[in-house]
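These protein sequence lines map, in sequence, to chains W and Y.
For what it's worth, my numbering labels the leading residue of the first sequence as 386, then goes sequentially.
For what it's worth, my numbering labels the leading residue of the second sequence as 386, then goes sequentially.
We treat Cβ as the ideally placed atom computed from N, Cα and C, and that holds for glycine.
The model shown is predicted, which means the values in this text are computed figures rather than measured ones.
Heads up, the thing below is written out as structure tokens.
Number of protein chains: 2
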Amino acid sequence: MIKRFIVAYNKSFYFMYMANIAIAGATGAVGQEILNSLAKKEFPVNELKLFSSSRSAGNTQATSFGPYILEEFSIEACKNIDIIFFAVGGDFSRKYASELLEKNDKIIIIDNSSAFRYDKNIPLVVPAINASAIKNSRLIANPNCTTAILAMVLHPIYKEFGLKKCIVSTYQATSGAGNPGMQELLHESKNYIDGLPVENKIFSHPIPFNLIPHIDVEQENHYTKEEMKVTWETHKIFEDDSFPLSCTAVRVPIIRAHSESVVIETKKNITENGGLEKVREILINAVGVTLRDDIQNNNYPMPLNASEIDEVQVGRIRKNLVFGDFGLEFFVCGDQLLRGAALNAVEIAELVKI
Amino acid sequence: MIKRFIVAYNKSFYFMYMANIAIAGATGAVGQEILNSLAKKEFPVNELKLFSSSRSAGNTQATSFGPYILEEFSIEACKNIDIIFFAVGGDFSRKYASELLEKNDKIIIIDNSSAFRYDKNIPLVVPAINASAIKNSRLIANPNCTTAILAMVLHPIYKEFGLKKCIVSTYQATSGAGNPGMQELLHESKNYIDGLPVENKIFSHPIPFNLIPHIDVEQENHYTKEEMKVTWETHKIFEDDSFPLSCTAVRVPIIRAHSESVVIETKKNITENGGLEKVREILINAVGVTLRDDIQNNNYPMPLNASEIDEVQVGRIRKNLVFGDFGLEFFVCGDQLLRGAALNAVEIAELVKI
């Protein structure tokens with residue numbers, strides 16, 4: 386902690402200090418995007434530590450902050466760290482979080498895994514929605530990618546019209562399985578086109594020119610865990626579980642942007658309360674959202690225009706035929722690694738008090 | 386007409402004659418699959434005429450019935466034909482259907498275009514569902530691919546539990562745009578992987594590793610025509626428009642099988658009427674449907690196991706969280722060229738009286 390700053394976020398101003406930052410999982414797809422987002426936002430980084438697996442430790446990684454030597458993670462190595470991003474996996478987070486918080490009584494952990502998301506004592510945060518949930522917590526969970534992308538668009542509509550029902554079908558990119566997922570898609574697609582055998586190591590079936598309606602393990606109710614995460618986490622982030630939400634999660638042969646087809650029933654009559662024009666106005670003004678709703682000019686959300694972009698794209702907005710004046714349907718697309726993970730985590734870091 | 390046969394369809398027996406068959410659009414993806422389906426079903430083909438564009442006329446096409454010389458279509462050339470498949474497009478169908486029926490008072494037209502689907506005097510048929518709608522009609526419309534695939538699974542459930550609401554999101558293959566669509570996917574995907582410029586001539590945006598929530602033109606209600614086709618045609622085939630149905634239609638980088646995520650609200654309480662076991666039993670017994678509903682063993686519908694297969698695959702069956710005991714959710718996948726077009730058309734041909 387060296388210097389105090391004033392930073393702007395979402396039209397409010399916050400005090401922030403130069404911070405010693407660490408990333409566990411720095412060589413992964415999310416870890417790399419955390420580095421990129423920190424740099425792009427000119428986050429006041431003082432010291433920076435990049436933790437990797439023991440296999441990669443000692444290697445040098447080029448970053449926007451210059452070259453850094455990768456280190457193996459240890460509690461001891463975190464002693465001067467103010468904020469650490471956990472971008473490894475649930476097992477890592479469960480193994481180290483408590484001890485790290487205990488041994489370093491100032492450190493703040495922003496955890497990208499699902500390990501603590503459903504713990505009612507741990508805030509689960511999308512900064513544009515529930516920044517206030519952070520309070521003084523030193524462990525903050527970053528939501529599932531599909532949830533974070535959906536919530537950016539759903540919450541402003543929820544605030545205006547209320548929400549009675551929500552039905553989601555997803556089109557999820559291979560980046561959800563990290564760099565190995567994206568590599569498997571591109572490498573095996575080339576094999577397919579070249580007439581060579583197609584393998585699958587990361588996904589449960591070959592992914593080239595295929596799609597797989599199975600992400601994470603089956604639950605007792607026959608939804609997958611990935612699908613239930615969207616229900617559980619949306620309820621927690623909105624601090625409201627009064628509206629049922631169902632999801633079908635499908636892996637598609639896309640590199641790094643998730644798409645979602647969303648149908649909702651609202652509490653308020655949309656037609657009597659401004660209609661689609663009002664919905665568009667709300668979404669134009671929503672933080673972190675870009676309206677692409679002009680099908681006549683071929684303008685709508687797609688992985689092609691959402692990848693490597695901070696904002697979630699929304700379009701194909703229409704009154705839903707099933708729920709009539711209380712029904713709304715739209716299509717969203719967001720970068721899985723940014724809004725779905727790294728960018729959200731860095732925006733949380735902008736909010737915490739160190 | 387040479388010889389009378391008895392053929393079996395759906396556990397009933399029908400009389401059928403050796404028929405003189407023609408295909409308009411024989412070189413297209415659907416035309417080729419009509420030929421394959423006729424051969425596979427050992428359809429009693431006597432004469433066979435293959436019509437193509439004037440550009441291809443005179444070329445020889447290899448078929449399962451031997452080599453045939455392609456001819457340019459004319460009303461005159463159809464004079465001995467008993468059944469003609471129209472697999473060209475709406476404009477062609479509108480241009481020639483009336484005159485052909487008038488000049489050849491025995492010919493039966495099975496039209497794969499959307500030209501006559503919404504004409505209340507023209508039957509729109511999925512043979513497993515509404516074969517009886519054919520009556521003595523000499524012009525029969527073949528449904529939209531997404532509708533035909535959905536209907537095979539939805540109708541048996543509808544018969545058992547009734548239907549109050551239906552919400553569909555699709556994952557539609559490039560074969561919906563014919564051979565040029567499939568070729569664009571494979572060719573441009575190779576360009577993408579090789580780092581070469583990616584073009585789009587068939588689709589409104591580049592399709593490799595992208596998806597496009599825009600198929601056919603926008604309607605006044607902001608749904609696309611492709612989406613509304615599913616609503617209009619399902620109502621017509623079921624002879625029941627009492628249940629609202631909405632669809633989001635999305636083109637995905639898949640070769641030739643369409644997938645659909647389907648959520649329904651039923652009239653009967655599913656839990657009190659046999660539950661998911663009853664649903665599975667119904668679908669096991671449904672004509673033209675294969676149950677793949679074992680996520681623990683990675684068995685569910687995918688383009689990989691639905692392509693070039695006659696049966697529609699269904700799985701991921703679960704009670705829907707939004708509609709509770711009256712809610713059901715499932716995932717279907719069917720070959721767009723077969724069940725979605727050619728196979729359905731040939732099954733109609735098996736039913737008509739010539």
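Query, Result
"With 8 Å as the threshold, decide whether the Cβ of residue 532 (chain W) is near any Cβ in chain Y.", "no"
"Would you list, in chain order, the members of the segment 579-596 of chain W that have their beta-carbon closer than 7 Å to a beta-carbon of chain Y?", "589, 590, 591, 594, 595, 596"
"DSSP on residue 511 (chain Y), reduced to helix/strand/coil?", "coil"
"Pull up the DSSP beta-bridge partners for residue 712 (chain W), would you.", "W:650"
"I believe residue 420 (chain W) touches residue 411 (chain W) by the beta-carbon criterion, under 8 Å. Please report the beta-carbon distance rounded to the nearest angstrom.", "7 Å"
"Assuming residue 445 (chain W) and residue 532 (chain W) make a contact with CB atoms under 8 Å, what is their CB distance in whole Å?", "Not quite, the Cβ-Cβ distance comes to about 35 Å (not below 8 Å), so this is no contact."
"For residue 567 (chain Y), which residues in the same chain have their Cβ closer than 6 Å to its Cβ, ignoring the five residues on either side in sequence?", "559, 560, 640"
"Name the chain W residues whose beta carbon is nearer than 7 Å to that of residue 537 (chain Y)?", "What residue 537 (chain Y) touches in chain W: nothing, since even the nearest Cβ is about 18 Å away."
"Does any residue of chain Y bring its CB to less than 8 Å from the CB of residue 667 (chain W)?", "no"
"For a quick check, are the C-beta atoms of residue 512 (chain Y) and residue 732 (chain Y) less than 8 Å apart?", "yes"
"Which of the three DSSP states is assigned to residue 405 (chain W) in this structure?", "strand"
"Kindly indicate which three-state DSSP category residue 608 (chain W) falls into: helix, strand or coil?", "coil"
"Just mark residue 569 (chain Y) as buried or exposed, buried being the case when its beta carbon has 16 or more other beta carbons within 10 Å.", "buried"
"By DSSP, does residue 549 (chain Y) sit in helix, in strand, or in coil?", "coil"
"Do residue 634 (chain Y) and residue 555 (chain Y) have their CB atoms nearer than 8 Å?", "yes"
"Pick out whichever of Y:557, Y:735, Y:506, Y:453 has its Cα sitting closest to the Cα of residue 595 (chain Y).", "Y:557"
"Taking only the alpha-carbon atoms, compute the straight-line gap between residue 454 (chain W) and residue 477 (chain W) and give it to the nearest angstrom.", "21 Å"
"Could you pull out every residue in the same chain whose Cβ sits closer than 7 Å to the Cβ of residue 741 (chain W), ignoring the five residues on either side in sequence?", "This structure leaves residue 741 (chain W) out entirely; chain W is present only between 386 and 739."
"If you measure between the beta carbons of residue 510 (chain W) and residue 500 (chain W), is that distance less than 8 Å?", "no"
"Can you find a C-beta in chain W that's less than 8 Å from the C-beta of residue 703 (chain Y)?", "yes"
"Could you tell me how far apart the beta carbons of residue 701 (chain W) and residue 715 (chain W) are, in whole angstroms, since I believe they sit closer than 8 Å?", "6 Å"
"Verify whether the separation of the beta carbon atoms of residue 696 (chain Y) and residue 674 (chain Y) is less than 8 Å.", "yes"
"Looking at C-alpha atoms only, which residue of W:534, W:482, W:546 is the closest neighbour of residue 622 (chain W)?", "W:534"
"With residue 703 (chain Y) and residue 608 (chain W) assumed to form a contact (beta carbons below 8 Å), what rounded beta-carbon distance in angstroms separates them?", "6 Å"
"Please classify residue 642 (chain Y): is it buried, with 16 or more other beta-carbons within 10 angstroms of its beta-carbon, or exposed?", "buried"
"Which one or two residues does DSSP pair with residue 525 (chain Y) in a beta bridge?", "Y:495"
"Any beta-carbon of chain Y closer than 8 Å to the one on residue 729 (chain W)?", "no"
"Taking CB distances under 8 Å as the criterion, tell me whether residue 565 (chain Y) reaches chain W.", "no"
"Considering only C-alpha positions, which residue in the set Y:450, Y:667, Y:683, Y:529 is nearest to residue 597 (chain W)?", "Y:683"
"To the nearest angstrom, report how far apart residue 521 (chain W) and residue 577 (chain W) are at their CA atoms.", "52 Å"
"Might you give, ordered along the chain, the residues of its own chain that have their beta carbon closer than 6 Å to the beta carbon of residue 466 (chain Y), omitting 5 neighbours on each side?", "405, 407, 492"
"Strictly below 9 Å CB to CB, what residues from chain Y border residue 637 (chain W)?", "556, 596, 637, 638, 639"
"Quick check: what's the CA-CA separation for residue 562 (chain Y) versus residue 698 (chain W)?", "26 Å"
"Unbroken alpha helix (DSSP H) runs of length 4 or more, entirely within the segment 555-624 of chain W: which are they?", "563-578, 610-623"
"If you measure from the beta carbon of residue 575 (chain W) to each beta carbon in chain Y, is any gap under 8 Å?", "yes"
"Could you run through the segment 606-635 of chain W and flag, in chain order, every residue whose CB is less than 8 Å away from some CB of chain Y?", "606, 607, 608, 609, 616, 629, 630, 631, 633, 635"
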